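Heads up: the protein sequence lines correspond to chains H and V, in order. Each residue of the first sequence is one higher than the last, beginning at 0 in numbering that gives the first Met the number 0. Each residue of the second sequence is one higher than the last, beginning at 0 in numbering that gives the first Met the number 0. A virtual CB, placed ideally from N, CA and C, is assigned to each residue, including glycine. A quick note: this is a predicted structure, and the numbers were derived from the prediction, not measured.
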Amino acid sequence: MECVVQGIIETQHVEALQILLQGLCGAPKERIRVHELCLKSGPNLGVVPSEVRLLCDLAQPTPSWTVRHVGGSMRGAGAEQISVLVRTVVESKVGNNALRFFYALGYKLDHELLKIGFAFRFQKGAPITITVTSANKMPRLHATDEAVPVTPGIQLVEITAPAAADNYNDVASAVSSFCEYLAPLLHLSKPGVSTGIVPTAAAAAASLLSNSGGKTI
Amino acid sequence: MPVKWLMHWQPHAGATVSSQILAEVCQCVEGFGGATKEGRWRTTLTFYRPMARDPSSNAATGSNPGDLPRDFLGLALHDRPDAYFFILRHNRLILQAEANVQLLMDKLQSYKARVVLHFEGFQYRLGDFQLRVGKCVPSMAETLRGIMMEVEYLPLSSIEKSRQIMENFFDIWQETLAKKSLPGRFIIDDPNLNFMDYGLHDQYTPQHTALQYATCIAQLMAAVRS
């Protein structure tokens, strides 16, 4: 289970966001370069149609693979009242023949993306991960070297924190509190609820950049 | 990782496996000079079968293996509790994953764990060898489906380099067991060809063990059928 919120930011303000996160976090950023393959169950396979994601971490010297399943989000009045999405997620590290395995099981490639960006991880009431990535599509199958941005000039910001049935309220509060730090630069909301870019972003970014002396981190 | 050989009990024609045979085999191991009993072990093998949206389709019956695999195996090895192994025999494919991948498979609802078998028994230490004698039983019943052994030679992880010593051990073991006049004998599958088919090499890994269990269950099922 995890708590998650998402938002978007113009690429021109990403450097300012990075400065802000660096200041809040203290730890160095991690580079993200992930080849994400979204697989969907073939016709008639499974009680219900299913979707699984294979993530190949290309930022490591030796690429490593993870399989990820995102389940349904929490519903009901309680879920409506909190400002983050609570959903089930199962992730498992797998061998590098996982794609062949899922093809053999009857899963088909729906789409693939190359996500490039950075992440910060830190403890602030809960172990919070914030990722800032651009999504890139490939003109040819698996041609990650030829990937081009899906939304030029816009990057996705995602904040996640692991949660459990007995603590998701606390984790949701920790994530919400953290979002407030970023409010001048971007709005974060439940996935699927688009809030667009914020009008104060340019001024906030200029302020952050001037305070940092324009140093690139 | 130390090299391991799996062997299964092949009853003589007309004979059946029984708990008595298992007890006698354990006695034999304990009768080896210096063998010490170290505790219990359990490996779990699961047959996954496809679940179809339309129950009348071929996918549910497995009569159309060209489309979907009729079944595949999942293995939780006693000495690798953090890992899980899937084996698709038709595709000569073995996938290693973290143990929680079983939860992910449940969430997908595309394949269901239909039959779960336990291989379980006692573990012994005999010098540089670790021996595990076990029975194969369904998870929800006590019906004995077979008897098997794991023989692990701790100093070596090369299959080729350990071959001679494993063969010598096997010969001594057969001679010891022959004195009991039991209605059957242990058989070693020669899985080297299988290892190479699955892209596995000379250096022994848990994937080799998983594959040997897949071979072992196939042999045990064949023995039951015959």
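State the Cα-Cα distance for the pair residue i and residue j, rounded to the nearest angstrom.
{"i": "A58 of chain H", "j": "V33 of chain H", "result": "7 Å"}
{"i": "G183 of chain V", "j": "E35 of chain H", "result": "53 Å"}
{"i": "T60 of chain V", "j": "R69 of chain V", "result": "For T60 of chain V, the predicted model reports a pLDDT of 47, less than 50, meaning its position is unreliable and no value from the coordinates is stated."}
{"i": "S188 of chain H", "j": "E1 of chain H", "result": "14 Å"}
{"i": "L208 of chain H", "j": "T10 of chain H", "result": "14 Å"}
{"i": "A203 of chain H", "j": "L184 of chain H", "result": "6 Å"}
{"i": "F31 of chain V", "j": "K178 of chain V", "result": "13 Å"}
{"i": "V147 of chain H", "j": "L54 of chain H", "result": "18 Å"}
{"i": "E141 of chain V", "j": "L21 of chain V", "result": "14 Å"}
{"i": "C24 of chain H", "j": "F121 of chain H", "result": "6 Å"}
{"i": "V47 of chain H", "j": "N168 of chain H", "result": "30 Å"}
What residue from the options has the CA that sits closest to residue i's CA?
{"i": "K134 of chain V", "options": "V:G33, V:W4, V:L219, V:Q163", "result": "V:L219"}
{"i": "M104 of chain V", "options": "H:K107, H:S91, H:K114, H:D144", "result": "H:S91"}
{"i": "A217 of chain V", "options": "V:Q95, V:L44, V:V16", "result": "V:L44"}
{"i": "T87 of chain H", "options": "H:A97, H:H12, H:F100, H:S72", "result": "H:S72"}
{"i": "Q202 of chain V", "options": "V:W172, V:S156, V:F185, V:F168", "result": "V:S156"}
{"i": "N90 of chain V", "options": "V:A209, V:L67, V:A98, V:Q101", "result": "V:L67"}
{"i": "A51 of chain V", "options": "V:R79, V:L107, V:C25", "result": "V:L107"}
{"i": "V174 of chain H", "options": "H:G41, H:S206, H:R52, H:V83", "result": "H:V83"}
{"i": "A221 of chain V", "options": "V:T15, V:V2, V:K3, V:M0", "result": "V:T15"}
{"i": "F117 of chain H", "options": "H:V4, H:P198, H:I18", "result": "H:I18"}
{"i": "K136 of chain H", "options": "H:Q80, H:L104, H:P151, H:D56", "result": "H:P151"}
With 9 Å as the threshold, decide whether the Cβ of residue i is near any Cβ in chain H.
{"i": "H89 of chain V", "result": "yes"}
{"i": "P80 of chain V", "result": "no"}
{"i": "V100 of chain V", "result": "yes"}
{"i": "R52 of chain V", "result": "yes"}
{"i": "F46 of chain V", "result": "no"}
{"i": "E97 of chain V", "result": "yes"}
{"i": "L94 of chain V", "result": "yes"}
{"i": "F118 of chain V", "result": "no"}
{"i": "L67 of chain V", "result": "yes"}
{"i": "L72 of chain V", "result": "no"}
{"i": "G61 of chain V", "result": "Since pLDDT at G61 of chain V reaches only 46, below the 50 mark, its modelled position is unreliable, and no value is offered."}
How about residue i: is its C-beta nearer than 9 Å to some C-beta of chain V?
{"i": "F296 of chain H", "result": "With chain H represented from 0 up to 216, any question about residue 296 of chain H goes unanswered, as that position is not in the structure."}
{"i": "K92 of chain H", "result": "yes"}
{"i": "S49 of chain H", "result": "yes"}
{"i": "L104 of chain H", "result": "yes"}
{"i": "V46 of chain H", "result": "yes"}
{"i": "T199 of chain H", "result": "no"}
{"i": "L208 of chain H", "result": "no"}
Helix, strand or coil, according to DSSP, for residue i in the structure here?
{"i": "G191 of chain H", "result": "coil"}
{"i": "I115 of chain H", "result": "strand"}
{"i": "Y152 of chain V", "result": "strand"}
{"i": "V93 of chain H", "result": "strand"}
{"i": "F31 of chain V", "result": "coil"}
{"i": "E37 of chain V", "result": "strand"}
{"i": "G73 of chain V", "result": "strand"}
{"i": "K160 of chain V", "result": "helix"}
{"i": "R42 of chain V", "result": "First, the residue type needs correcting, since residue 42 of chain V is Thr and not Arg in the sequence shown. Looking at T42 of chain V - three-state DSSP - the assignment turns out to be strand."}
{"i": "N99 of chain V", "result": "coil"}
{"i": "L185 of chain H", "result": "strand"}
{"i": "K107 of chain H", "result": "strand"}
{"i": "S209 of chain H", "result": "helix"}
{"i": "T61 of chain H", "result": "coil"}
{"i": "N135 of chain H", "result": "strand"}
{"i": "K106 of chain V", "result": "helix"}
{"i": "T214 of chain V", "result": "helix"}
Within 10 angstroms of the Cβ of residue i, are there 16 or more other Cβ atoms? Answer buried if so, exposed if not.
{"i": "R144 of chain V", "result": "buried"}
{"i": "P10 of chain V", "result": "buried"}
{"i": "N43 of chain H", "result": "buried"}
{"i": "M165 of chain V", "result": "buried"}
{"i": "M148 of chain V", "result": "buried"}
{"i": "T61 of chain H", "result": "exposed"}
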